[in-house]
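Residue 212 in the working numbering is what sits at position 211 of the sequence shown, and the numbering runs on without skipping anything. Every residue, glycine too, gets a C-beta built ideally from N, C-alpha and C. Note that the structure is a prediction, hence the values are computed from the model and not measured.
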Amino acid sequence: MSTTFTIDTSTSRANPVPAPMKRLTVPAILSRKGKEPLVMLTAYTARMAQLLDPHCDILLVGDSLGQVIYGFPSTLQVTLDMMCAHGAAVVRGSYHSVVVIDMPFGSYEQSPEHAFSSASRVLAQTGAAAVKLEGGEAMAPTVAFLSRRGIPVMGHIGLTPQAVNALGGYGARGRSHAEHAKIVADARAIAEAGAFAIVAEGIVEPLARTVTSEVSCPVIGIGASAGCDGQVLVTEDMLGLFERTPRFVKRFDDMAGRISAAVETYAREVRSRAFPAADQTYAPKD
Ligand code: KIV
């Protein structure tokens, strides 16, 4: 069942109207190749989008929401309906960044036509500007099919989490000569097919530098060194919401610790009746 999401500007939690600035565009992202690094983070909810948007160039509604929001063991269980619902929320919560939505596993691999039908539904229901899909040479015809029909595509190469069963895990890629050559060929193929940017995940530094210099679109790294045109992380990882994160993640905060401390204080105050106090209590009118 599909749902149509509309932009809600009727509540105080919605976007400021009029928007304080114009939203970045896909061509603007493409033109940043080799210039100032692109800043990208994942967002799945309107409120998180509002907080990240002023600082980012791209907000990615990643299918990592399967693990982060829904507690799935991998991204394979994520559906198009989930991506549409979270994508629409992120568009509502942002006015500056380009919003890119991940195509979930099973929604695009079968054929370019199937990919078009899924991707057009995602863009129509969310208001986002672009989709992201995983894969290299094998997906190049699909990237070309979508790009030529007005759907901007961000590629994703190297460690592609939807292929975890085929790859045998989430280890770094590109250590062998054969894997190095294959990943360069993947990047070239989807760049030539029209991708406006490519996420390179979990690849060794020399390979990341080669890929970045070989393609004409921006390469955005995650676990792929500072040699890329930009960086992306899963927001909850960089905020320190999880105790365990991959080696390439820098924890810029300890939100898990801060939430635990706040909730411990709340629980103590409820139990001791210190909360709610007079300030949080309605008094009758005289
Ligand atoms: O799903 C996701 O969050 C991603 C990023 C890790 C790039 O694809």
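query: Just to confirm, are Ala-89 and Gly-128 a CB contact at a threshold of 9 Å?
result: yes
query: Going along the chain, which residues of its own chain have a beta-carbon closer than 7 Å to the beta-carbon of Ser-119, five neighbours each way excluded?
result: Hits under 7 Å: Leu-81, Met-104, Ser-108, Tyr-109.
field: Chain-ordered list of residues that sit, by beta carbon, closer than 7 Å to a heavy atom of the ligand KIV
entry: Thr-43, Leu-61, Gly-63, Asp-64, Ser-65, Thr-76, Asp-103, Lys-133, His-157, Pro-162, Val-200, Glu-202, Ile-223, Val-233, Val-235
query: Looking only at its own chain, which residues have a Cβ that is under 8 Å from the Cβ of Asp-238, when we skip the five neighbours before and after it?
result: Thr-246, Pro-247, Val-250, Arg-252
task: Run through the stretch 111-148 for me and flag every whole alpha helix (DSSP H) of 4 or more residues, listed as ranges in chain order.
output: 113-127
- request: Consult DSSP for Gln-232 and reduce its assignment to one of helix, strand or coil.
  value: strand
- prompt: Mind checking Glu-135: buried by the 16 CB within 10 Å criterion, or exposed?
  reply: buried
message: Using only the alpha-carbon positions, how far apart do Gly-152 and Ser-112 sit?
response: Looking at the sequence shown, residue 152 is not Gly but Ile. Those two C-alpha atoms are separated by around 15 Å.
message: Assess contact between the stretch 161-180 and the stretch 229-243, defined as three or more Cβ pairs (one per stretch) separated by less than 8 Å. Is contact present?
response: no
- prompt: Pick from Cys-85, His-87, Ser-65: whose alpha carbon is nearest that of Gln-78?
  reply: Ser-65
query: Of the residues Pro-142, Phe-146, Val-100, Gln-232, which one's Cα is nearest the Cα of Leu-124?
result: Across the set Pro-142, Phe-146, Val-100, Gln-232, the C-alpha of Val-100 shows the shortest separation from the C-alpha of Leu-124.
message: Cutting at 7 Å between CB atoms, please list the residues of its own chain near Ile-59, excluding the five before and the five after it.
response: Ile-30, Leu-39, Met-41, Ser-98, Val-99, Val-101
message: Assess contact between the stretch 45-60 and the stretch 142-149, defined as three or more Cβ pairs (one per stretch) separated by less than 8 Å. Is contact present?
response: no
field: Spatial neighbours of Ser-217 in its chain, beta-carbon cut-off 8 Å, leaving aside the 5 residues before and after
entry: Lys-34, Ala-192
message: Under 8 Å: does the beta carbon of Arg-248 sit that close to some heavy atom of the ligand MG?
response: No copy of the ligand MG appears in this structure; the ligands present are the ligand KIV.
message: Rounding to the nearest angstrom, what Cα-Cα distance links Thr-161 and Glu-265 in this structure?
response: 38 Å
message: Out of Tyr-267, Ile-184, Ala-173, Leu-25, which one is the CA nearest neighbour of Val-92?
response: Per the Cα distances, Leu-25.
field: Beta-carbon separation (whole angstroms), Glu-201 vs Cys-229, contact threshold 8 Å
entry: Per the sequence presented here, residue 201 reads as Ala, with Glu not at that position. At roughly 6 Å, the Cβ-Cβ gap stays under 8 Å, so Ala-201 and Cys-229 are in contact.
field: Rounded Cβ spacing between Ile-199 and Met-155 (contact assumed at less than 8 Å)
entry: Ile-199 to Met-155, Cβ: 7 Å. Contact.
- request: Could you tell me how far apart the beta carbons of Ala-186 and Gly-258 are, in whole angstroms, since I believe they sit closer than 8 Å?
  value: About 44 Å; that fails the 8 Å criterion.
field: Range of the contiguous alpha helix (DSSP H) that encloses Glu-270
entry: If you look at Glu-270, you'll find it in the alpha helix (DSSP H) that goes 256-273.
Unbroken stretches of the alpha helix (DSSP H), 4 residues or longer, contained in the stretch 23-78: With a minimum length of 4 residues, the continuous alpha helix (DSSP H) runs that stay inside the stretch 23-78 are 27-31, 47-53, 66-69.
query: Helix, strand or coil for Glu-180 per DSSP?
result: helix
task: Take Gly-169 as the anchor and find which of Glu-215, Gln-232, Tyr-267, Ser-75 has the nearest alpha-carbon.
output: Checked all of Glu-215, Gln-232, Tyr-267, Ser-75; the closest Cα to Gly-169 is Ser-75.
task: Return the chain-ordered list of same chain residues with a C-beta closer than 8 Å to the C-beta of Phe-276, the five sequence neighbours on each side being excluded.
output: Result list for Phe-276: Tyr-267, Glu-270, in chain order.
Proximity to Leu-61 [Cα-Cα], best of Lys-133, Pro-28, Val-69: Lys-133
Sequence-distant residues of the same chain with beta carbon closer than 6 Å to Gly-175, five excluded per side: If we look at Gly-175 and ignore the five residues flanking it on each side, its Cβ neighbours are His-181, Ile-184, Ile-204, Val-205, Leu-208.
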